[in-house]
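Here's the structure, in structure tokens; my notes come after.
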Amino acid sequence: MAKFLMVVGTSSNCGKTVVVAGLCRILANRGYKVAPFKSQNMSLNSRVSKEEGEIAVAQYIQSLAAKTEPSIHFNPVLLKPKGNFISQVIVHGKPYRDMDYNEYRRNKDFFLGKIRESLEYLDRNYDYVVMEGAGSCCEINLLEDDIANLRVLEMTGGDAILVADIDRGGVFASLYGTVSLLPKRWRRLIKGFVINKFRGNPEVLKKGLEEIEELTGIPVLGVIPYREDLVFPEEDSQVIQDRKTLGNPRSPVEVDVIKFSKIANFTDINPLFNDTFIRLIDFQGDITGDILVLPGSRCSTLEMKLLREHGMDRKIREFVERGGIVIGICGGFQILGRKLIDRNFSEGDVGSIEGLGLLNMETVFGNEKVIKNSSGILEIEGERFEVSGYELHEGVTVSQEKPLIKVIKGFGNRGEGFDGAIKVIDVRGKKAYILGTYFHGIFENYKFRNFIVNLVRRRKGLKPITGDSYRNTLESSFEKIAKVIQENVDLGDVIPLDKK
């Protein structure tokens, strides 16, 4: 029998995901078999579980923090927005169907049944389950149909802690208001408050902490300081839309990433943060970097249409003619070809459309979705690297180009043992590179990532780098998160302090 603990929040982006990861690592370090859990998540950033099902990237990363293999039962319901208030609903890792909000809420009992199945599986197989709520746990206009917060915790008999972000301001009003608005049966589940992202001396909070405890009867378990040195992938694509730059501003290697309108799996670029400076450019932007990344998208045909309408297709070709390095991932790979064929409008309203024509290939949509953990041998310029990644695509690509990867495990372009494409063009004594792959997570393979970065560094007369494994970077962050929580939060009432 497992013990259950839920981390709920006063708002979105208050730090629930990171706190859950930290608690998972603390428990795992103490010898417990621990699982993260989020009953319902909404995200265009997903990963592939051990069962080769689709789960939100946050629960995948939390599973790494928990030192356990990711499972579909960590995120039984995943909503992937498609636009026009429609989402693709993923249930236990597989596409279920497209729904709007009204249809989704009418099927609430069905989804609660699937959530219960996952909770029962976790109860049988783990010592601890650290659950994450969604958004605010007390949106009173949505409480009746909320299947992501305390209604789900109630099924388990577990306790909850409430996290609030002081960096936004109004932290005490947020805590008091949230608790006051909760139904009594859910209010009693809140066993403690955690104030997150505090800058400064926590002594200045003392009077407020005492008053909020007196007003609510709920103890403040701790105050977590603001930290900028933690690497934790964002799951909300709005983060990308709101930013203009990412990565290391001191790096001489500059990467431009096109902000597609329906960008998906943008966490593919996270491993580049340490060694490159990343500019996020819109369809009207200019390509001024050394490397151009075309990321994944929920609708490749729409992105191609927008590239053409804004003249970005011409700018991409001019970049290649200057000897640039272009890398397309999944939807971005499809766009590099001659044509995207969507006779049944499975991608959306655009239908079939001419691609950039940088690679001699065509992609046909309307096939069953590929959901695979994949691996293979990548060959480029006489170098061979073992690489791994994951595939989430509905297109099948027929290519006349040299493949980028010989697939050992996975599907690739069309299930015949090859993935992606590579084309090297001599441009006035300088080589232009056009690469494409269906392998999400390709930059997590540090040898390939170093090769690409060092192509640019050599051009600039700089020494090559030997960048570290992205997994090692994440591991370091998990330990930092765990240490910060242990040093600043009284965990004695919510998780065991001793080792198993």
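Numbering (UniProt numbering), first residue to last: 1 to 500. Positions of the beta carbon are idealized from the N, C-alpha and C atoms, including for glycine.
One Cα belongs to residue 353, the other to residue 73, and the distance between them is close to 38 Å. For residue 14, the closest C-alpha among the options 359, 174, 210 is that of 174. In this structure, the straight-line span from the alpha carbon of residue 462 to that of residue 426 is close to 22 Å. Nearest C-alpha to residue 424 among 407, 320, 386: 320. In the DSSP assignment, residue 435 is bridged to 327, 422.
Secondary structure note for residue 123: it is in no beta strand (DSSP E), and the uninterrupted alpha helix (DSSP H) holding it is 108 to 125. The C-beta distance from residue 441 to residue 410 rounds to 12 Å, too long to fall under 8 Å, and the pair is not in contact. Shown here for residue 82: same chain residues with a beta carbon closer than 7 Å to its own, the five before and five after excluded, namely 88, 98, 298 in chain order.
In this structure, the CA atom of residue 183 is about 24 Å from the CA atom of residue 129.
In the three-state scheme derived from DSSP, where H, G and I count as helix and E and B as strand, residue 205 is classed as helix. Residue 59: member of the alpha helix (DSSP H) spanning 57 to 65, first to last residue.
One thing to note: residue 191 has its Cβ no nearer than 8 Å to the Cβ of residue 490. With respect to the C-alpha of residue 22, the residue from 36, 384, 11 having the closest C-alpha is 36. Of the candidates 29, 61, 5, 29 places its Cα closest to the Cα of residue 498.
In this structure, residue 20 lies away from residue 117, with their beta-carbon atoms at least 8 Å apart.
With a threshold of 16 other beta carbon atoms within 10 Å, residue 201 falls short and is exposed. The beta carbons of residue 296 and residue 268 sit closer together than 8 Å.
Secondary structure of residue 288 (DSSP, three-state): coil. With a cut-off of 8 Å on Cβ pairs, the region 377 to 392 is in contact with the region 440 to 454, counting three or more such pairs. Looking at the DSSP output, residue 271 shares a beta bridge with no other residue. Inclusion of residue 278 and residue 246 in the CB contact set at 8 Å is warranted, their separation being smaller than that value. In this structure, residue 434 and residue 336 form a Cβ contact; the two beta carbons are roughly 6 Å apart against a cut-off of 8 Å. For residue 397, the enclosing beta strand (DSSP E) starts and ends at 396 to 399. Where residue 451 is concerned, there is no enclosing beta strand (DSSP E), although the alpha helix (DSSP H) around it starts and stops at 446 to 459. For residue 7, the uninterrupted beta strand (DSSP E) segment begins and ends at 3 to 9.
The region 46 to 57 makes no contact with the region 146 to 154, as fewer than three CB pairs between them are under 8 Å. Closest in C-alpha terms to residue 466, from the list 495, 274, 483, 345, comes 274.
Of the residues 40, 48, 4, 302, the one whose Cα lies closest to the Cα of residue 33 is 4.
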